[in-house]
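Q: Could you have a look at this structure, given as C-alpha cells, before my questions?
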Amino acid sequence: MLSSSLPTISSVAIDDLRPHEEYDRQILYEIALSLQTERVVRDPIIVDASSLMILDGTHRYWALRRMGCLSAPVAMYDYASSSIGVSRWDRCIASPAIFLPNRKIRVEYSNEMEALAAIMDRKASLAIIGLSGSQLLVEEGFEIHRAYSLLSELETELRAKGCGISYATEEDSFLRLKKGEFSWVIVPPAIKKDEALEAALSGRLFPIKSTRHIIPSRPINLRIPIGWLMDPPETVNSKLQDLLSRLSFRRVRAGAILGGRRYEEEVYIGEPSNP
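Its first residue numbered 616, the sequence shown is counted upward by one per residue in this note's numbering.
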C-alpha cells in the first residue's frame, strides 16, 4: 500500500523525459549490464512533474532507451517546491599535484574559507582546496556552463595522468580530506534550479555529477519488470499500479547507507506486503 508521503509513481513515454546532465560510458555500461542481468528496474527515475526533467536517474534513463524501452517508471515531484534541494558534488583527488588544463585562466591563492566564499558568490569558476592551501581558478566573466566545462577538462587531464577521482558531498569531502584519504578537493559552484531546467529544455547538458538533488520521501526498491517497459505507458500503468498496491513501504531515516549509497533524505523501501 502506498504511503500518503510518497510522490506520484507512474510510467511515462521514455521519449518525453529530459536529462540535464550527460552520461559516462563506463557507468552506462555497468548499469545497462545490471538491468539486463536482473531484468527489473529497482528504483524509479526521479523527475519534475511539469517538465519531466530528470532529477536523478540519468544513466538508468539512457540504459532503458538503449534497451529499446518505450516507457520508463518515474516518481514525480514539484521541482519548484522548497522541499527539493539542489547542491553540488565535490571532486576528491588522489594526487600530490594538480595539473591545470591549457586554458586562459587566472589562478589566485587563498585560504579554505575565502575560497568557499568565492565559489558561493560565483567570483571564481572552481576552488581547489588542500590541507596546505587553496587555489581559485578565475575566468573572465562567470558563466555556469563554462565553469563546468573547465571542471570537465580538469578531470580529463587528471585522469589522463593516472590520478584517482571520486565524488563526495560537501560534508564528506572535507571530512575525508582531513583524514588524509586524498590530497585535494575540487569545489565547483552549485547549479541553480533554473539553470538545470534551462539545460534540460535547451539540450545544452551539464557534465555528469553536476547536480545533487535532495529529494523528500524517495521511493526505492520497486523492482519493475523491464519486459513491461517495452510497451507504451498506457499499457504499463495498470500493471505498475497493481504492483504498487501489493507493496508496503518501510521508512528509513535520512543519512542511511543503502546499497553502498548514502541518502541525505528519508527513503521509503518497497517490500512485498504480507498476504
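Built from N, CA and C at the ideal position, the CB exists for glycine as well.
#1: Is it the case that the region 775 to 786 contacts the region 685 to 695, given that we only count it when at least three CB pairs across the two stretches are under 8 Å?
#2: Among ALA695, GLU880, ALA762, which one has its Cα closest to the Cα of MET668?
#3: If you check the beta carbons only, do PHE864 and GLY885 fall under 8 Å apart?
#4: Go ahead and label GLY875 buried or exposed: buried means 16 or more other beta carbons lie within 10 angstroms of its beta carbon, across all protein chains shown.
#5: Going by beta carbon distance, what residues of the same chain come within less than 6 Å of ARG868, once the five residues before and after it are set aside?
#6: Please check the pair ASP630 and ILE835, which I expect to be a contact at CB under 8 Å, by giving their CB distance rounded to whole angstroms.
#7: Identify every residue that forms a DSSP beta bridge with ILE660.
#8: If we call anything under 8 Å between Cβ atoms a contact, is ILE660 one with HIS828?
#9: Would PRO634 and ARG703 qualify as a contact pair, given that the criterion is a beta-carbon distance under 8 Å?
#10: Considering only residues of the region 822 to 860, which uninterrupted alpha helix (DSSP H) runs meet the minimum length of 4 residues and lie entirely inside it, listed in chain order?
#11: For SER817, which of helix, strand or coil comes out of DSSP?
#12: Specify, as a first and last residue, the run of the beta strand (DSSP E) that SER702 falls within.
#13: Closest to SER888 by CA distance: which of GLY870, ASP857, GLU879 is it?
#14: Inspect the CB distances between the region 719 to 727 and the region 751 to 770 and report whether three or more fall short of 8 Å.
#15: Tell me the DSSP secondary structure of ASP631 in three-state form.
#16: Per the DSSP calculation, TYR724 is bridged to which residue(s)?
#17: LEU773 and ILE708: beta carbons closer than 8 Å?
#18: Out of curiosity, what's the CA-to-CA distance linking ASP671 and ILE830?
#19: Would you report the Cα separation of GLN651 and ALA678, rounded to the nearest angstrom?
#20: In whole angstroms, give me the CA-to-CA distance for LYS738 and ARG761.
#21: Can you tell me whether TYR644 is buried or exposed, with buried defined as 16 or more other CB within 10 angstroms of its CB?
#22: When you compare only the Cα positions, how much space is there between LEU873 and ASP639?
#23: Just how far apart, CA to CA, sit ALA742 and ASP787?
A: Per the coordinate set shown:
#1: Short answer: they don't touch.
#2: Checked all of ALA695, GLU880, ALA762; the closest Cα to MET668 is ALA695.
#3: The beta carbons of PHE864 and GLY885 sit closer together than 8 Å.
#4: The residue is exposed, with fewer than 16 neighbouring Cβ atoms inside 10 Å.
#5: If we look at ARG868 and ignore the five residues flanking it on each side, its Cβ neighbours are GLU881.
#6: Actually they do not touch by this definition, with Cβ atoms about 25 Å apart.
#7: The partner list for ILE660 (beta bridge, DSSP) reads VAL689.
#8: Between ILE660 and HIS828, the CB-CB gap reaches or exceeds 8 Å.
#9: Cβ distance not < 8 Å, so PRO634 and ARG703 don't count as in contact.
#10: As far as the region 822 to 860 is concerned, its whole alpha helix (DSSP H) runs of at least 4 residues are 848 to 860.
#11: Note: SER817 maps to helix in three-state DSSP.
#12: Element bounds for SER702: 700 to 702.
#13: Per the Cα distances, ASP857.
#14: The answer is yes - the region 751 to 770 touches the region 719 to 727, with three or more Cβ pairs under 8 Å.
#15: ASP631 falls in the helix class under three-state DSSP.
#16: TYR724 is bridged by DSSP to GLN750.
#17: In contact: LEU773 and ILE708 (Cβ atoms closer than 8 Å).
#18: In a straight line, the C-alpha of ASP671 is about 9 Å away from that of ILE830.
#19: A straight-line Cα-Cα distance of about 10 Å links GLN651 and ALA678.
#20: Inter-residue distance for LYS738 and ARG761 is about 13 Å (C-alpha atoms, whole angstroms).
#21: Its Cβ having fewer than 16 others within 10 Å, TYR644 is exposed.
#22: C-alpha separation (whole angstroms): 23 Å.
#23: Approximately 16 Å between the Cα atoms of the pair.
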